[in-house]
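What follows is one structure encoded as structure tokens, with my remarks underneath.
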Amino acid sequence: MAEQNLKTLLTLKNLNIWYATERGESKAVNGLDLEILRGEIFGLAGESGCGKSTLITGVMRLTKLPAHVQSGEAIFHASRENGQEQVVDLLKLDPGAMRPYRWRNISYIPQSAMNVLNPVLKVEDQIADVIRAHSSMSKKEAQARIGDCLEMVGLSKKVALMYAHELSGGMKQRVTIAAAIVLKPDLLIADEPTTALDVNVQRVILQELTDIRERLGLTILYVTHDMAVHAQLSDRVGIMYAGGIMEVGKTSDVLSEPLHPYSQALVEAIPDIGGERRRIEGLPGAVPSPLNWPPGCAFHPRCKRMLPICQEKRPDLRELKPGRLVACHLYQ
Amino acid sequence: MFKRHPLLKYYLKKIVTYIVTIWGAFTIAFFLFRLMPSNPIDAWVKSLERQYSVKIDRGSELVDYYKEQFGLNGTLWEQYVRYLYNTFVKFDLGPSFINFPTPVQELLLARLPWTLALMGISILIAWVLGLLIGAAAAWFRTSPVSGWLTNISIVLSQIPPYLIAIFLVLFLGYTLKLFPTRGAWDAQYPVGLNWNFIQSVLWHSILPASAIIITSLAGWILSTRSLIVTILGEDYLMYAEAKGLSPWEIMTRYALRNALLPQTMGLALTMGFMMSGQLLIEMLFVYPGLGELMSRGIQVFDYNTMMGIIILSIFSVMTASLIVELTLPVIDPRIRKEIMS
Ligand SMILES: Nc1ncnc2c1ncn2[C@@H]1O[C@H](COP(=O)(O)OP(=O)(O)OP(=O)(O)O)[C@@H](O)[C@H]1O
Ligand SMILES: [Mg+2]
């Protein structure tokens, strides 16, 4: 991949997504900045509960109460049929106006595929309806397309005629991947699509995703807490903590030389692929509550290299060298 | 053979259960009637004495004749076997008391269309309305209108059906004199396929039909609403939304379609139960259906007629649930799978 001339696909600016709870606003996504480039696999990493799912539901405009988008922008460069690019702020669209961008431009592989298929419709019908909603493909073309996509994810064409209950967990997950690529979207968002699967299936699916990206030239936002998966899959990786991005860079750079103290702890704790969620070692204290983030840098109570300023001022996400961003006072 | 055809085994099992249950219910009903202290022959002879102002000797041939007519001669066991045979082989339910010697099955056949039309159409209307309103209430579940609708439905569903019927009769019938309150048509029109008669039938059906629709509508609204609210929380609905399907398609193909299954089953069962359930409404409106026939039968302890109606009710309830059980695996792939494994 020639990353020098990659264009921006999605920019998130100062995004805040909060949950209204009885004990106040839970700031699950808290002033987050992020940029995703066309054609890359961007890995979003971070411990459980740091706000990854909240973030992507927000980008897809699927936020449901008590969650709400408090503020922020999500500037998306949608490709249109005439080959032109259209720039929109997804968060400013009316709910109905978001619909044309769904699946044509942004598709989604859910965290758990167990229950996302309608139990009374055949697999084919559930992929065909999305084709019907967003393209002018004929029924024949659609069927052929669905068959191709199923084969691309290693399933037999016959799966098209099956119902959800006839599929194993791995097969269901593959169906959701096939469904996600059927319209060749600009951006495919995958929220930990392999966590529910056993390690071997996980490996195969990751390989298939890489191949699909090569073949279709998609951009993939791949979300997982599992750093070993990012090492295998992602071109760039973003480290998320307490609802914000702590560090961004080429995956190999971040893994070999993490800059943020949190990234350092995270990288040290990398188990084998698909391994147990291990507690991050060498980190004192508990993950703070999104109801009440520590002032200044949210990581400071657990940081070994804390400076006095860390308790007062939140560090900006700054570009340290080309393509390398970090939000830490040590480098500012 | 059953190992290879689990579906066939399932069907056979259901059909055998169906036959055995009908036979069992028939038997229980038969013996309950015979165990009742009141003696139908005695009642019948007394009514003859009243009618013709004569004294009839209880041991006379006349009494024996009627005993034979009503199938009350011989031991209890003989009576049971004879009645079973007549009912299920000859389709003969014996003569009625209230309209002697017209056979009970003829009375039932004359009444059946009225009950089927009134109850069947009303229940169907309530079902369709309930499904649509319930679905809308679920879809707009955060709006205050939906909340009010739900509360009103909860209250309505708690009011006994006959109270609503009585209210309609008193208020719309007697006080406001808007609608007729008795019978199924105006006696001044000849019975048949003429416009006046049909109009009169429709006009007369408004109050009893409203009573049935109002009482069952609330239930359908509530059950559909809660079913669909549950479905709306399912992962596959969020996924359908992420796919950018139109709200209409999400509502129909994803939410309603999945609610339709249990609701259709519910409809079939309600249709089966309606004969026994709507007795009071027919009595109140003197509607010439089975319910009203039952109430006349009870007054003179016409056990042939009562037995006939009970058998018909058992039969329709059981047949409705049999149809439900036989069609379920055809329309729901999940149930088919469950049977197959
Ligand atoms: N319905 C809710 N009400 C209040 N707070 C919530 C709700 N759902 C999630 N949260 C909070 O939002 C934060 C982020 O949750 P989110 O599901 O986005 O995390 P995640 O990074 O996707 O975690 P995981 O890796 O476990 O999927 C959590 O701290 C959680 O406590
Ligand atoms: Mg998550």
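Each protein sequence line maps, in turn, to chains A and B. Counting in the numbering used here, the first sequence runs from 3 upward without gaps. Counting in the numbering used here, the second sequence runs from 5 upward without gaps. Virtual Cβ for every residue (Gly too), placed ideally from N, Cα, C.
Look up residue i in the DSSP assignment and give the residues it is bridged to.
| i | result |
| --- | --- |
| Q88(A) | A80(A) |
| K15(A) | E75(A) |
| S109(A) | L190(A) |
| R104(A) | I108(A) |
| R320(A) | V328(A) |
| P3(B) | Because chain B in this structure spans residues 5 to 345, residue 3(B) falls outside the shown range and cannot be described. |
| G45(A) | Y224(A), V239(A) |
| W224(B) | Beta-bridge pairing links W224(B) to no other residue. |
| I247(A) | M242(A) |
| K252(A) | R238(A) |
| W20(A) | H70(A) |
| S28(A) | Y21(A) |
| T10(A) | L39(A) |
| L34(A) | L17(A) |
Beta-carbon separation of residue i and residue j under 8 Å?
| i | j | result |
| --- | --- | --- |
| E286(B) | G295(B) | yes |
| F305(B) | A47(B) | yes |
| M100(A) | R63(A) | yes |
| M242(A) | A22(A) | no |
| P121(A) | H79(A) | no |
| A244(A) | P297(A) | no |
| D188(A) | N107(A) | yes |
| T228(B) | Q192(B) | no |
| A30(A) | I19(A) | yes |
| N16(A) | G60(A) | no |
| I45(B) | E53(B) | no |
| G124(B) | W224(B) | no |
| T10(A) | E27(A) | no |
| I127(B) | S220(B) | yes |
| A139(B) | L249(B) | no |
| L97(B) | V85(B) | no |
| A222(B) | S161(B) | yes |
| L120(B) | L297(B) | no |
| S236(A) | G45(A) | yes |
| G219(A) | G41(A) | yes |
| I58(A) | D255(A) | no |
| E216(A) | A162(A) | no |
| D35(A) | L12(A) | no |
| I163(B) | A215(B) | no |
| A69(A) | L92(A) | no |
| L268(A) | M308(A) | no |
| L319(A) | I222(A) | no |
| F319(B) | I26(B) | yes |
| L199(A) | G156(A) | no |
| A1(B) | I232(B) | It is not possible to answer for residue 1(B), since the shown part of chain B is limited to 5 through 345. |
| I214(A) | M154(A) | yes |
| R115(B) | G293(B) | yes |
Can residue i be considered in contact with ligand 3, in the sense that its beta carbon sits closer than 7 Å to one or more heavy atoms?
| i | result |
| --- | --- |
| S28(A) | Ligands present in the displayed structure are limited to ligand 1 and ligand 2, and ligand 3 is not among them. |
Report task. For the stretch 145–158 of chain B, enumerate the residues whose C-beta is nearer than 7 Å to any C-beta of chain A, in chain order. Result -> none
Report task. Specify whether the stretch 242–250 of chain B and the stretch 305–312 of chain B touch according to this definition: at least 3 beta carbon pairs, one from each stretch, less than 8 Å apart. Result -> no
Report task. Can you give me, in chain order, the residues of the stretch 313–338 of chain B that have a beta carbon less than 8 Å from any beta carbon in chain A? Result -> D336, P337, R338
Query raised in the report: Counting pairs of Cβ atoms below 8 Å between the stretch 109–117 of chain A and the stretch 225–240 of chain B, do you hit three or more?
Result: yes
Query - Interface residues of the stretch 154–169 of chain A facing chain B [CB-CB below 8 Å] - result: Y165, H167, E168
**Report entry** Against chain B: residues of the stretch 93–104 of chain A by CB proximity under 9 Å
**Finding:** G98, M100, R101, P102, Y103, R104
**Report entry** Contact residues within the stretch 64–97 of chain A, judged by C-beta distance below 7 Å to chain B
**Finding:** L64
Requested in this report: Report the residues of the stretch 230–256 of chain B with a CB closer than 9 Å to any CB of chain A, ordered along the chain.
Outcome: E238, D239, Y240, L241, M242, Y243, A244, E245, A246, K247, G248, L249, S250, P251, E253
Query - the stretch 168–175 of chain B / the stretch 91–104 of chain B touching (three or more Cβ pairs under 8 Å) - result: no
Query raised in the report: In the stretch 119–136 of chain A, which residues sit with their C-beta less than 8 Å from some C-beta in chain B, listed in chain order?
Result: L119, N120, P121, V122, L123, D131, V132, A135, H136
**Report entry** Stretch pair the stretch 203–222 of chain B + the stretch 187–194 of chain B: three plus CB contacts closer than 8 Å
**Finding:** yes
Report task. Return the residues of the stretch 240–272 of chain A that lie within a Cβ-Cβ distance of less than 7 Å from chain B, sorted by chain order. Result -> none
Query raised in the report: Quick check: the stretch 261–274 of chain A against the stretch 146–161 of chain A, are there 3 or more CB pairs under 8 Å?
Result: no
Query raised in the report: Do three or more CB pairs link the stretch 8–17 of chain B to the stretch 320–330 of chain A at distances below 8 Å?
Result: no
Query raised in the report: Which residues, in chain order, does the stretch 257–279 of chain B contribute to contact with chain A at a C-beta distance below 8 Å?
Result: R257, Y258, R261, N262, L265
Report task. Kindly confirm or deny that the stretch 146–161 of chain B and the stretch 316–330 of chain B touch, where touching means at least three C-beta pairs closer than 8 Å. Result -> no
Requested in this report: Check each residue of the stretch 6–19 of chain B: if its Cβ is closer than 9 Å to any Cβ of chain A, include it; give the result in chain order.
Outcome: none
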